[in-house]
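> Residue numbers (the numbering used here): 197 to 329.
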Amino acid sequence: LVLQPLNIPLLRGFGEDWKRRAPFRLVHFTGEAPTAERSGLVALTSVLPDPYVIGYQDARFLIIDTVNGQKISRVGDVVEALQKPQNGFHTIEFLRGDNLRRIVLDADQMEAATRRILERYRIPAANHLEPKP
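Right, dumping it as structure tokens:
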């Protein structure tokens, strides 16, 4: 799963005319003011193909609401929430209105799948996190 903070630099990846070219929901949510409950948003931008995520490979540009029941405001929140599987599974829920409501993954297989994906796609690390503000 490729997760990124939902921010203007992400949207600029769609080109100079990003306000028209980027997915509408992403553009819409960048205009939302932070709240006490949620200081930012995190988007699932793509899913790298692997047997572990079969069936979810077409998911992209979805805004994460919770992971394992924990509200998500930054990518670091996802990393923390993945340390606490529920009943052997990781559940990633998206904000209402997205075409996919949730992804459910076997927690016991995540570490092996992560290693396999990093090797297959020559990714140097499982995550790159900015320091907490």
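Where is the CB? At the ideal position from N, CA and C, for every residue including glycine.
Please tell me whether L237 and L199 are closer than 7 Å, where the distance is taken between their beta carbons.
no
> For T309, which residues of its own chain have a beta-carbon under 7 Å away from its beta-carbon, when the five flanking residues on both sides are left out?
With the sequence shown as reference, residue 309 is identified as Ala, and Thr is not the correct amino acid for it. Excluding sequence neighbours, A309 sits near D246 and Y248.
> Touch check for the stretch 207-220 and the stretch 283-296: three-plus C-beta pairs under 8 Å?
no
> Give every residue of the same chain whose Cβ lies closer than 7 Å to the Cβ of S201, excluding the five residues on either side of it in the sequence, and list them in chain order.
The question names Ser, but residue 201 in the sequence shown is Pro. The answer, listed in chain order, is G236, V238, R270 and V271.
> A255 and K266 - do their beta-carbons sit closer together than 7 Å?
One detail in the question is off: residue 266 reads as Gln in this sequence, not Lys. Taking 7 Å as the Cβ cut-off, Q266 and A255 do not qualify as a contacting pair.
> In angstroms, rounded to a whole number, what distance separates the CA positions of F257 and L222?
7 Å
> Can you tell me whether H224 is helix, strand or coil according to DSSP?
helix
> Would you kindly check if the distance between the Cβ of V243 and the Cβ of L301 is under 7 Å?
No.
> CA-CA distance, A229 and N323?
26 Å
> Within its chain, find whatever has a CB closer than 7 Å to the CB of Q253; leave out the 5 residues flanking it on each side and keep chain order.
V243 and P245
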